[in-house]
Amino acid sequence: MEFLDLRILDIVDIVLIAALLYYLYKLVKGTVAVNIFIGIVIIYFVWKLTQLLRMEMLSNVLGEFIGVGMFALIVVFQQEIRKFLLMIGSTNFARRRRFLQTLKLIKDDLETPNDVEAIVRACENMGKTNTGALIVIQKSTSLDFVKNSGDAMKVQVNQPIIESIFYKNSILHDGAIIIEDNYITATRVVLPVSNDRTIPLRFGLRHRAAVGITEKTDAVALVVSEETGQISYLKDGEFVMFDGKEDLIQKLKADLV
Ligand SMILES: Nc1ncnc2c1ncn2[C@@H]1O[C@H](COP(=O)(O)OP(=O)(O)OP(=O)(O)O)[C@@H](O)[C@H]1O
1 MEFLDLRILD IVDIVLIAAL LYYLYKLVKG TVAVNIFIGI VIIYFVWKLT QLLRMEMLSN
61 VLGEFIGVGM FALIVVFQQE IRKFLLMIGS TNFARRRRFL QTLKLIKDDL ETPNDVEAIV
121 RACENMGKTN TGALIVIQKS TSLDFVKNSG DAMKVQVNQP IIESIFYKNS ILHDGAIIIE
181 DNYITATRVV LPVSNDRTIP LRFGLRHRAA VGITEKTDAV ALVVSEETGQ ISYLKDGEFV
241 MFDGKEDLIQ KLKADLV
């Protein structure tokens with residue numbers, strides 16, 4: 001049967017399409033782009049239906065629309081396409097780097113493990129004084145596309161530095177900080193805010209920004225609430241539950257490997 005005549009390349013084809021759809025979903029999840037995307041899919045199916053039913057005029061009009069639509073798409077999704085390419089490029093680069101590291105082709109010390117204890121201790125202290133904080137820890141996806149909105153710096157992670165950045169009277173306290181390979185590489189960063197309507201209303205923009213960046217990239221985020229002093233840990237756009245400081249440290253370490 002021709003239908004069951006599946007080649008290895010067909011399987012690779014399906015896996016690649018699945019990966020592509022996954023990246024697209026991750027990119028548009030919770031944004032208005034999702035509605036535009038659904039609109040396009042609907043128009044495409046109506047066009048196919050009109051072709052099938054031989055409704056010449058409507059099918060021609062929709063066909064023309066779809067033809068020009070490709071250019072319109074590039075304009076409408078300009079931001080998303082940029083992020084998409086960045087996401088694919090940086091993820092592959094990081095994977096390649098890890099692959100080379102396992103083969104010992106490049107030095108192991110390129111990536112310094114993040115000082116998770118210092119970060120969590122800083123969050124704990126900031127929580128006690130109700131100091132709001134937003135910390136994003138980069139993994140394999142590059143965060144360059146958000147870093148540009150803040151101020152670049154390169155300081156090795158340590159507890160007092162983090163606390164002094166978020167200290168209420170500090171000029172750097174607004175926005176998020178980015179941590180890469182145990183270095184704080186940007187402060188006052190503005191993150192994309194998630195539009196996810198399932199986030200409880202008690203969480204404001206700081207938490208929504210943490211959800212936003214973790215749903216669009218594989219970074220993880222820590223938020224200290226200014227109102228309650230509570231620490232939240234976010235991964236893949238979701239709040240991760242933890243039982244005390246030690247549990248948070250263990251979870252972070254496991255997620256940052
Ligand atoms: N998109 C964003 N990117 C980075 N930081 C942000 C963003 N939006 C808000 N913030 C930071 O969060 C701060 C407080 O915002 P908001 O009070 O709405 O947050 P919240 O989630 O209610 O937090 P809290 O519980 O601490 O009040 C802002 O002053 C700013 O420093």
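In full-length UniProt numbering, the protein residues as written are 1 to 257. Heads up, the beta-carbon is just placed ideally off N, CA and C, and yes, glycines get one too. Keep in mind it's a predicted model, so treat the numbers as computed, not measured.
Range of the contiguous beta strand (DSSP E) that encloses residue i
i	result
leucine 134	133 to 137
leucine 234	231 to 235
CB contact flag (residue i, residue j, <7 angstroms)
i	j	result
alanine 209	glutamine 138	no
lysine 154	tyrosine 183	yes
isoleucine 14	valine 116	no
valine 76	alanine 118	no
glycine 127	valine 224	yes
isoleucine 178	alanine 186	yes
valine 136	alanine 221	yes
alanine 176	leucine 205	no
Residue i versus residue j: straight-line alpha-carbon distance, rounded
i	j	result
glutamate 227	glycine 39	40 angstroms
leucine 27	glutamate 215	8 angstroms
glycine 67	methionine 55	18 angstroms
glutamate 163	serine 142	25 angstroms
glycine 229	glutamate 124	8 angstroms
aspartate 108	glycine 244	No answer about aspartate 108 holds up, because its pLDDT of 49 lies below 50 and its placement is not dependable.
asparagine 35	isoleucine 42	11 angstroms
isoleucine 231	isoleucine 17	38 angstroms
leucine 234	leucine 52	47 angstroms
leucine 20	lysine 83	14 angstroms
tryptophan 47	alanine 72	17 angstroms
leucine 110	serine 140	Residue placement at leucine 110 is poorly supported in this model, since its pLDDT is 48, which falls under 50; the coordinates are not used for a value here.
glutamine 79	phenylalanine 145	10 angstroms
Segment limits, alpha helix (DSSP H) that includes residue i
i	result
glutamate 180	Run containing glutamate 180: none in the alpha helix (DSSP H); it sits in the beta strand (DSSP E), 176 to 180.
valine 224	Not the alpha helix (DSSP H): valine 224 falls in the beta strand (DSSP E), residues 220 to 224.
valine 41	33 to 52
leucine 73	56 to 76
glutamate 238	Glutamate 238 -> not in any alpha helix (DSSP H); beta strand (DSSP E) instead, spanning 238 to 240.
arginine 7	Where arginine 7 is concerned, there is no enclosing alpha helix (DSSP H), given that its DSSP letter is neither H nor E.
valine 193	From DSSP, valine 193 is part of no alpha helix (DSSP H); its letter is neither H nor E.
Counterpart residues of residue i in DSSP-defined beta bridges
i	result
isoleucine 17	Its beta-bridge partners do not exist; DSSP assigns none.
threonine 187	Asp151
tyrosine 167	Per DSSP, none; premise fails for tyrosine 167.
phenylalanine 203	Looking at the DSSP assignment, phenylalanine 203 forms no beta bridge with any residue, so it has no partner.
glutamine 156	Tyr183
> Quick check: the segment 193 to 202 against the segment 170 to 184, are there 3 or more CB pairs under 8 angstroms?
Replying inline: no
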